[in-house]
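In UniProt numbering, the protein residues as written are 1 to 230. C-beta atoms are modelled at their ideal positions from N, C-alpha and C, and glycine is treated no differently.
Okay, structure coming up:
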């Protein structure tokens, strides 16, 4: 059985969600690696303005769906063997995220978003973030989603107005407890977005080393929490 997650795991992955999505958008001609449905919008922009990068945007969603499905099947197989899926899935996510960073640094910058190198690099990033989405959805119960901020913002707005209108102190306490992780998640994601933009200006694609280091830290933290206590 998996141990309860440390409270820092969700915000750390949310930071990475914002960071990788923003840097991927900047470096890969407007490709979203985590918020893949946003690629429908940027695909339309590419078609209308005749800019490159339409092909990766077109296939990002099928790749994302396939990887999420395979991640689920892998988690089921791991669980049947009596193992905890979370740690192995996080390691896999980290390795693929590192591969994304390596390919981006090796082949970038990408002036042609439809080139083979841009396509391979982009889909590697989509694969890494698809695994993170699957982890967040299935193995982090009670933690706000780490990449899907629209739902978090919606819940934040609902809870803020519910807190304002609620008169029962007990219910107010419940709402406040629900708001804390949502606020932390939103701040972490926003910090990742801003950090990616600033570090991309300063370091270029080398900035992708940072989310890899964060992911390694998450893996180490989960590993330590899963170790039997003496």
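Three-state secondary structure (DSSP) of residue i
i           : result
residue 262 : In the structure as shown, the chain begins at 1 and stops at 230. Residue 262 is therefore absent and cannot be evaluated.
residue 166 : coil
residue 181 : helix
residue 62  : helix
residue 239 : Absent from the model: residue 239. The displayed extent of the chain is 1 to 230, so no value can be given.
residue 50  : coil
residue 11  : helix
residue 224 : helix
residue 80  : helix
residue 34  : coil
residue 28  : coil
residue 5   : coil
Pairwise C-alpha distance: residue j and residue i
i           : j           : result
residue 143 : residue 218 : 15 Å
residue 213 : residue 129 : 15 Å
residue 6   : residue 74  : 23 Å
residue 135 : residue 91  : 11 Å
residue 110 : residue 174 : 48 Å
residue 199 : residue 171 : 42 Å
residue 189 : residue 81  : 34 Å
residue 209 : residue 105 : 10 Å
residue 221 : residue 117 : 34 Å
- Query: On the three-pair Cβ rule with 8 Å, is the segment 30-38 touching the segment 160-170?
  - Reply: no
- Length-filtered (4 minimum) alpha helix (DSSP H) runs lying within the segment 91-174: 116-139, 149-165
- Is there contact between the segment 131-142 and the segment 61-80, where contact requires at least three CB pairs shorter than 8 Å? yes
- Message: Below 8 Å, how does it come out for the segment 53-61 and the segment 21-31: are there three or more Cβ pairs, yes or no?
- Response: yes
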